[in-house]
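Heads up, the sequence shown is in the numbering used here, so the first residue is 344 and it goes up one at a time. Beneath this line is the structure, given in structure tokens, with notes to follow.
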Amino acid sequence: MKSILRFPRSSRTAKQLAGWLVTAAFSCAFGSHAFAAAGDLYVTDLATGSVIIYSPDSSQRTFASGLINPQGIAFDQAKNLYVADAGDGSSGGGILYKYTLAGARTVFATGLSNPIGVTLDGSDLLVSENGLDRVLRVPLNGAHVSIFRTVTAPQGLDSHAFNQTGFTKFIADGPEVLKLTPDGVVTDIDPGDGSRGVVADDSGNVFISTDSGQITKVPPGGTPTAFVTGYTDPHGLVIKPKFVSGTTLVYVADTAGHKIFQITATGTSSTFVTGGEPNYLVFENDSTTPTPTPTPTVTPTPTATPTPTTSPSPTVSPSPTVSPSPTPAPTPTPAPKALNISTRVDVKTGDNVGIGGFIISGGNAPKTVILRALGPSLANATQPVANPLANPLMELHKPDGTVVTNDNWKDNSDADQAIIIAHDLDPKNALESVIVATLPPLDPSVPGSGVYTAIVRGAGGGNGVALIEVYDIDDPSATAQLANISTRGFVGTDDNVLIGGILVGPEQEDLSANATVVVRALGPSLADAQPPVAGPLLDPFLDLHNADGDIIASNDNWQDPPSNAAIIRATGLAPTKTKESALLANLLPGVYTAVVSGVNTTTGVGLVEVYHIASPGAAQ
Numbered sequence: 344m345k346s347i348l349r350f351p352r353s354s355r356t357a358k359q360l361a362g363w364l365v366t367a368a369f370s371c372a373f374g375s376h377a378f379a380a381a382g383d384l385y386v387t388d389l390a391t392g393s394v395i396i397y398s399p400d401s402s403q404r405t406f407a408s409g410l411i412n413p414q415g416i417a418f419d420q421a422k423n424l425y426v427a428d429a430g431d432g433s434s435g436g437g438i439l440y441k442y443t444l445a446g447a448r449t450v451f452a453t454g455l456s457n458p459i460g461v462t463l464d465g466s467d468l469l470v471s472e473n474g475l476d477r478v479l480r481v482p483l484n485g486a487h488v489s490i491f492r493t494v495t496a497p498q499g500l501d502s503h504a505f506n507q508t509g510f511t512k513f514i515a516d517g518p519e520v521l522k523l524t525p526d527g528v529v530t531d532i533d534p535g536d537g538s539r540g541v542v543a544d545d546s547g548n549v550f551i552s553t554d555s556g557q558i559t560k561v562p563p564g565g566t567p568t569a570f571v572t573g574y575t576d577p578h579g580l581v582i583k584p585k586f587v588s589g590t591t592l593v594y595v596a597d598t599a600g601h602k603i604f605q606i607t608a609t610g611t612s613s614t615f616v617t618g619g620e621p622n623y624l625v626f627e628n629d630s631t632t633p634t635p636t637p638t639p640t641v642t643p644t645p646t647a648t649p650t651p652t653t654s655p656s657p658t659v660s661p662s663p664t665v666s667p668s669p670t671p672a673p674t675p676t677p678a679p680k681a682l683n684i685s686t687r688v689d690v691k692t693g694d695n696v697g698i699g700g701f702i703i704s705g706g707n708a709p710k711t712v713i714l715r716a717l718g719p720s721l722a723n724a725t726q727p728v729a730n731p732l733a734n735p736l737m738e739l740h741k742p743d744g745t746v747v748t749n750d751n752w753k754d755n756s757d758a759d760q761a762i763i764i765a766h767d768l769d770p771k772n773a774l775e776s777v778i779v780a781t782l783p784p785l786d787p788s789v790p791g792s793g794v795y796t797a798i799v800r801g802a803g804g805g806n807g808v809a810l811i812e813v814y815d816i817d818d819p820s821a822t823a824q825l826a827n828i829s830t831r832g833f834v835g836t837d838d839n840v841l842i843g844g845i846l847v848g849p850e851q852e853d854l855s856a857n858a859t860v861v862v863r864a865l866g867p868s869l870a871d872a873q874p875p876v877a878g879p880l881l882d883p884f885l886d887l888h889n890a891d892g893d894i895i896a897s898n899d900n901w902q903d904p905p906s907n908a909a910i911i912r913a914t915g916l917a918p919t920k921t922k923e924s925a926l927l928a929n930l931l932p933g934v935y936t937a938v939v940s941g942v943n944t945t946t947g948v949g950l951v952e953v954y955h956i957a958s959p960g961a962a963q
């Protein structure tokens, strides 16, 4: 089956759109993300077998008790807390527990052998299984646990995204720390002694606790140096983010020293709390691993020459979500992919032509895609579209400034037509457009690379509703993937609001893989674009609906509430205007719709965007 991250523009309701996108229902789930801005610190305590909460003023309260040997601790993006209990350290005696913020406990995974470190890695957990010398990948959605990497004696873990290409993992592994980049490069870091805990900050500095009582600091591309010395038995480390504390602070649990220390950016250490045997620790609002900062969506000035294409949207037949299986088993789980994307817009003239942007990221090999611009066939869709664009013309703008155009899809070469037909993507109407292209992915060393824009206008200046689609026709194992998408269009009132449909799912039959996305609704900042957009929507409002049309998340101004602002800032995707909207969602395969309207029925040009930010691949 083909799975889609779909993004259309429609004058229909969310429920009607969901029915138009697919004919079968998906099983969907949504993770909420209202993180507290207070910065409570959660700590596993070996002396009491409990999890202690320390407030910023150092006051404490017990969150959970009854643990035998509590070790690593991590929040997911829905504010569920995961705690590894190593038990007596025997083979298979370890348990990974899951807690709600209300303190309700469930068993998330069993049969672990001396689990130590736990960290969030996009939409999965990584757990260091010290007793079997390996690190496990544990999907949050309950899919099969798999072996992430075999190591020597793993303890603390961290996963951090420093750029758009994915998550970098750090494994405290005996006398060294392993650093694994998203493209699979492994580097050994020598901290000067046996490593216990590890954490990285947003600037790329890595901090390591060692057996000698030292905290080692490794700057990006630099040499490990002693940052702070003189601790008794330092274990877990955690960063208190700048947006909470005003400056980056490192917290370290000195287990046998019975203290938790905080360390400033200059290396000044002071006691935060005294008591117990603090082991590993995490901040409540540190539950989202900092996510990649994508290259901004390009909004090009519409200039280009067209060429042909056509095609109706194929019906998607999704498979059901698989049942969870938390028991560890060495079966690799495929990484989630957004394989196909589309945008549906009300195409007008001038600045209001249909513009769809997308990014290809990951790996070095070019990706082959098929782009389509549909119009006439939309009149025959399951939910017929009124006023479809009678004769679409498509332009593909590349980063180097070149433009590929197509007016009618049968104007393509015989070879390209054969590819189009072989993938069941030949349009039903000869006036619709198709482009077959092989495109290089993002190269961090080349500004603007990997960013592509599809522009659809009416041939001869016509107006009407059109569908812009991009299909990934590569082998499913290809590293490069379609990452982020956006659509610009006019936001009206009532039925003419801007509606973006999102269909998430992996290509593999295992439909349990989920995707973390940031959805944004922009308006005022379009006036600052180059060139400026005339008549921008001054105050957008964003709703996210599930397949049943129910609202599962909303946002008006991205800085309200403050907890939402913290999350969005952490992704590097904070809008530049306070009246613009943004939210983060962890989505299982299924149909969702992002609805953008104007506050108090205002109208104007809006930009709705979906950034796919959590697609880490497992290193073996």
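Where a beta carbon is used, it is the ideal one built from N, C-alpha and C, also for glycine.
In this structure G535 is not in contact with T566, their Cβ atoms being roughly 11 Å apart against a cut-off of 8 Å. The Cβ atoms of L444 and Y385 lie no closer than 8 Å to each other.
Here the alpha carbons of I763 and V561 stand approximately 51 Å from one another.
With a 10 Å radius around the Cβ and a threshold of 16 neighbouring Cβ atoms, T572 comes out exposed. With contacts defined by Cβ atoms closer than 8 Å, S502 and L469 form a contacting pair. Within the same chain, Cβ atoms closer than 6 Å to the Cβ of I698 are found at I798 and R831, the five residues on either side in sequence being excluded. N707 is classed as exposed because its beta carbon has fewer than 16 other beta carbons within 10 Å across all chains shown.
Remark: C-beta atoms of F491 and L475 do not approach each other more closely than 8 Å.
Here I438 is near V450, since their CB atoms are less than 8 Å apart. By the Cβ-count criterion, D743 is exposed, with fewer than 16 other Cβ atoms from all chains shown falling within 10 Å of its own Cβ. Boundaries around I895 are those of the beta strand (DSSP E), I894 to N898, since no alpha helix (DSSP H) includes it.
Across the set A543, N806 and A427, the C-alpha of A427 shows the shortest separation from the C-alpha of T453. Under the 10 Å beta carbon count, P879 is surrounded by 16 or more other beta carbons and is classified as buried. In this structure the segment 812-827 does not touch the segment 728-736; the number of beta carbon pairs closer than 8 Å is below three.
Secondary structure at T944: helix, using DSSP grouped into helix, strand and coil. Of all alpha-carbon atoms in A913, T921, V951 and S868, the one lying nearest the alpha-carbon of L887 is that of V951. Under the three-pair Cβ rule at 8 Å, the segment 893-912 does not count as touching the segment 784-803. Distance check between H601 and each of D576, T591, G610 and Q760 places D576 closest, using alpha-carbon atoms only. Of the residues T530, G527 and K441, the one whose Cα lies closest to the Cα of L483 is K441. A residue is called buried when at least 16 other Cβ atoms come within 10 angstroms of its Cβ; Q726 does not meet this threshold and is exposed. Per DSSP, the continuous beta strand (DSSP E) segment holding N749 begins and ends at V746 to N749. The beta carbon of V813 is closer than 6 Å to those of I684, F701, V712 and L714 in its chain, skipping five residues each way along the sequence. In the DSSP annotation of this structure, the continuous segment of the alpha helix (DSSP H) that includes D759 starts and ends at D757 to A765. When beta bridges are read from the DSSP output, E952 appears opposite S829 and R863.
V747 places its beta carbon less than 8 Å from that of I778.
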